[in-house]
Amino acid sequence: MTALGRPINFEETGFYDRNAAAKLHERIEKRQQVLAEDVERRKEARQSQSVAEEKSEYFVSSFNAERAGIQELLSGCSGADRPTVTQKLEEATAKMTQLQKFLNDSMIFLSQYQIRVAQGALQKLQASLNETREEALPKKKFAFRSRTKAAEKVSDSPPPSSETVSSGVTKVDEATISAQTGFSNISNESLTMTSEEIQSRDVLLTHLTNCKVRLYGSPSTLHLKHITACEVLCGPVATSVFVDHCSNSVLGLACQQLRTHNTTDTQVYLHVTSRAIIEDCRGVSFAPFCWSYPTLDQDFAASGLDQDRNNWSQVDDFNWLAAGTPSPNWTVIPEADRKTAWDP
Numbered sequence: 001m002t003a004l005g006r007p008i009n010f011e012e013t014g015f016y017d018r019n020a021a022a023k024l025h026e027r028i029e030k031r032q033q034v035l036a037e038d039v040e041r042r043k044e045a046r047q048s049q050s051v052a053e054e055k056s057e058y059f060v061s062s063f064n065a066e067r068a069g070i071q072e073l074l075s076g077c078s079g080a081d082r083p084t085v086t087q088k089l090e091e092a093t094a095k096m097t098q099l100q101k102f103l104n105d106s107m108i109f110l111s112q113y114q115i116r117v118a119q120g121a122l123q124k125l126q127a128s129l130n131e132t133r134e135e136a137l138p139k140k141k142f143a144f145r146s147r148t149k150a151a152e153k154v155s156d157s158p159p160p161s162s163e164t165v166s167s168g169v170t171k172v173d174e175a176t177i178s179a180q181t182g183f184s185n186i187s188n189e190s191l192t193m194t195s196e197e198i199q200s201r202d203v204l205l206t207h208l209t210n211c212k213v214r215l216y217g218s219p220s221t222l223h224l225k226h227i228t229a230c231e232v233l234c235g236p237v238a239t240s241v242f243v244d245h246c247s248n249s250v251l252g253l254a255c256q257q258l259r260t261h262n263t264t265d266t267q268v269y270l271h272v273t274s275r276a277i278i279e280d281c282r283g284v285s286f287a288p289f290c291w292s293y294p295t296l297d298q299d300f301a302a303s304g305l306d307q308d309r310n311n312w313s314q315v316d317d318f319n320w321l322a323a324g325t326p327s328p329n330w331t332v333i334p335e336a337d338r339k340t341a342w343d344p
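Heads up: the sequence shown begins at 1 in UniProt numbering, then just goes up one per residue.
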């Protein structure tokens, strides 16, 4: 402004620079944009921190609740009968695996301290599980072996008593341990065991190929290992059935607990009173147990299984823990495709 009070006209005086003004305006706009972006980043950081804190609180709450549930299962083993203890230990083992997976998936937002605390709690829980299993279900001490024709030919010792099926296939040597029986290393045969032969005993089927197996009665446990292209039907098993490395087969099983590992392209007709568990499996399909024979009801009574309780379609896949999304490793056999006639 001049001494006369009139505003200065920079254009008249030669001091007005349009380019400088434009640059100044551009710098001001950029500065405002930077400030706005900084405010937005701070806001997102606060929100992210809040979400992380909420996730952390949810993890701690859920982890502690699941841990308490497992501890309650282990406490319930004290003074319980063997079938109950077996069921509780199987359930506790499944929950332990899920809890470890929950921790692994949550590490991305947990602090190092929280991770160490959770890992320590899991280690103590695993030790308690092992101790409970040792006390409640001590391992049986026995030596199991199977005899083949080749082994009989080269054996220098007198052959122990053994039964031979009509086809000439040697049954597992019963002179070794009376508590266990079964079939081993056999191909292309029909194999049968009666109720009297297996009642309340542990049964092992191993390395069978293209065999049709019928097990009548109520075994204590059933183990199937390395089964290929076989059809295996078994009466009610008092405790657990363990399947490992089975392929292209059909199984008919009734049990308290089913644990299946490394199995592919296999149909399971199942009656299970807890939940079936699969791990490292694919192409496994399930339908209700439908095999029948004259003494089936008696064998169910001997096994202690509830005939009215069947969770055949409740399958836990330890390789697929995505909530709300079905596992691609197992399916339900459509009713139209289910087998209903087993023997002539």
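Beta carbons: idealized from backbone N, C-alpha and C, even for Gly. What you are looking at is a predicted structure, and each value in this text was computed from that prediction instead of being measured.
Legend entry - Per DSSP, the bridge partner or partners of R277: Reading the sequence as shown, one finds Ile at residue 277 and not Arg. In DSSP, I277 forms a bridge with R259, D316.
Inset, instruction - Reducing DSSP to helix, strand and coil, say where Q180 ends up. - result: strand
Legend entry - Buried or exposed by the 16-neighbour rule on C-beta atoms within 10 Å, applied to T132: buried
Inset, instruction - Out of K339, L296, Q32, L224, point me to the one whose CA is closest to H207's CA. - result: L224
Inset, instruction - Can you say whether I108 is buried or exposed, counting buried as having 16 or more other CB atoms within 10 angstroms of its CB? - result: exposed
Inset, instruction - Please go through the same chain and pick out, in chain order, the residues whose beta-carbon is closer than 8 Å to the beta-carbon of T97, but skip the five residues on each side of it. - result: F318
Legend entry - Local conformation of F300 per DSSP, three classes: helix
Legend entry - Within 8 Å, strictly: CB atoms of E197 and T209: no
Inset, instruction - Can you give me the Cβ contacts of V268 inside the same chain, cut-off strictly under 6 Å, excluding the 5 residues immediately before and after it? - result: L251, F286
Legend entry - Beta bridge counterpart(s) of H271 as assigned by DSSP: A254
Legend entry - From V232, P219, T221, R201, residue whose alpha carbon lies closest to that of S190: V232
Legend entry - Collapsed DSSP secondary structure at K225 in the structure displayed: strand
Inset, instruction - Name the residue from D280, P328, S292 whose alpha carbon lies nearest to the alpha carbon of K339. - result: S292
Legend entry - Unbroken beta strand (DSSP E) run spanning V332, endpoints: 330 to 332
Legend entry - Whole-angstrom distance between Q100 and P326, CA atom to CA atom: 20 Å
Inset, instruction - Please confirm whether H261 and V243 have their CB atoms less than 8 Å apart. - result: yes
Inset, instruction - Using DSSP bridges, identify the partner residues of R282. - result: T264
Inset, instruction - Tell me whether the beta-carbon of L103 lies closer than 8 Å to the beta-carbon of A127. - result: no
Inset, instruction - Using a threshold of 8 Å, state whether the C-beta atoms of F289 and L253 are closer than that. - result: yes
Inset, instruction - Measure the C-alpha to C-alpha separation of Q307 and Q256 and round it to an integer number of angstroms. - result: 11 Å
Inset, instruction - Run the CB neighbour count on I227, radius 10 Å, all protein chains shown included, and call it buried at 16 or more, exposed below. - result: buried
Legend entry - Best match in K88, R82, G69 for proximity to F122 [C-alpha to C-alpha]: According to the sequence provided, residue 122 is Leu. The question's Phe does not apply to it. Closest by alpha carbon: G69.
Inset, instruction - Starting from M193, follow its DSSP beta bridges and name the residues at the other end. - result: L215
Inset, instruction - Measure the C-alpha to C-alpha separation of A36 and Q114 and round it to an integer number of angstroms. - result: 35 Å
Legend entry - Secondary structure of A287, DSSP reduced to three states: strand
Inset, instruction - Return the CA-CA distance between V237 and L74, expressed in angstroms with no decimal places. - result: 23 Å
Inset, instruction - Using only alpha-carbon positions, find the residue among V213, I186, N185, C234 that is nearest to Q199. - result: C234
Inset, instruction - Would you kindly check if the distance between the Cβ of S184 and the Cβ of T295 is under 8 Å? - result: no
Legend entry - Residues near Q87 in its chain [Cβ-Cβ closer than 7 Å; skip 5 each side]: Q256, Q257, S274
Legend entry - S111, buried or exposed, once every other Cβ within 10 Å from all chains shown has been counted against 16: exposed
Inset, instruction - Assign R338 to one of three DSSP states: helix, strand, or coil. - result: coil
Legend entry - Coil, strand or helix - I70 by DSSP: helix
Inset, instruction - Would you mind sorting S303 into buried or exposed? The rule is 16 or more other CB atoms within 10 Å of its CB. - result: buried
Inset, instruction - Output the distance between the C-alpha atoms of P219 and R309, rounded to the nearest integer angstrom. - result: 19 Å
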